[in-house]
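Numbering-wise (the numbering used here), the sequence shown opens with residue 363 and increments by one.
Each residue gets a CB set at the ideal place from its N, CA and C atoms; glycine is no exception.
Just so we're clear, the structure is a prediction, and the values are computed from it rather than from any experiment.
Note sheet for the following structure.
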Amino acid sequence: MGAPAKFLFDTDFAAPDRAREKGASAAEIAQKVAEAEARAYQDGFAAGQREAKAESDRRVALAMEEINISIRGIASGIGNIETKMETEAVDVAVAVARKLCADLVAAEPLGEIMGLVKDCFSHLVATPHLVVRINDALYDSAREKIERLAKQSGFEGRLVILAEPEIATGDCRIEWADGGVVLERNAIAAKIDDMVGRYIASRKGN
């Protein structure tokens, strides 16, 4: 057995054991840095996605609101257009009717007059006295036709046909003891205008 070594009191027991405290290698440090960077990237990417989705949702909501406003405006505009088109259509129809009426009166000025006279004769056969007032320019052509129609209808009363220049061509007035009837195109046109005006006003109010 060898001789024991002498203790020289040159060992510092408080000093760390350098053999036990082996430092991390460069590869380990690089791996930890990479892992930290990956976690930071993932966290940042997720946060960015959430922010982008929130912004996208906000933009979609704004776009939908703008679309709804536009649709309401278009619907209102369509309603106004429809009302305007309907008003114009009615105006055109009335204008066409007036033109046709004027053309018919010009072509057959006695047409409506004879129709009204015939209707009166059929209902007033026993009337003792009947007066027909017409435009003076139509008197000669109307007198013979009215007298012939009275005979054909069996009217036996006194028939008086008067020419009056103030009565418009195509108009007439028929009078008997307790009544009368008037054919006046201007009055009819005024009534039509009133009816059309009230109809259009009611449509605009809806």
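Going by DSSP, which residues form a beta bridge with residue i?
i, result
"residue 401", "Note: residue 401 sits in no beta bridge, so no partner."
"residue 495", "524, 535"
"residue 519", "DSSP, once it has assigned bridges, lists no residue as partnering residue 519."
Would you mind giving the Cβ-Cβ distance between residue i and residue j, rounded to the nearest angstrom? I have them listed as a contact below 8 Å.
i, j, result
"residue 473", "residue 491", "The pair is not a contact, with the Cβ atoms about 26 Å apart (cut-off 8 Å)."
"residue 476", "residue 513", "The pair is not a contact, with the Cβ atoms about 14 Å apart (cut-off 8 Å)."
"residue 483", "residue 511", "6 Å"
"residue 498", "residue 527", "5 Å"
Under 9 Å, do residue i and residue j count as touching if we go by C-beta distance?
i, j, result
"residue 546", "residue 530", "yes"
"residue 536", "residue 544", "yes"
"residue 558", "residue 522", "no"
"residue 517", "residue 478", "no"
For residue i, I'd like the list of residues in its chain whose CB is within less than 8 Å of its CB, leaving aside the five on either flank, ordered along the chain.
i, result
"residue 550", "none"
"residue 542", "535, 536"
"residue 564", "none"
Give me the residue from the options with the minimum Cα distance to residue i.
i, options, result
"residue 488", "478, 527, 498, 539", "539"
"residue 496", "423, 408, 471", "471"
Sorted by chain position, which residues of the same chain lie with C-beta nearer than 6 Å to residue i's C-beta, five sequence neighbours on each side aside?
i, result
"residue 560", "none"
For residue i, which residues from the same chain have a beta carbon less than 7 Å from its beta carbon, with the 5 sequence-adjacent residues on both sides left out?
i, result
"residue 381", "In this prediction, residue 381 scores a pLDDT of 48, lower than 50, which makes its location untrustworthy; the coordinate-derived value is nonetheless stated afterwards. Here the set comprises nothing."
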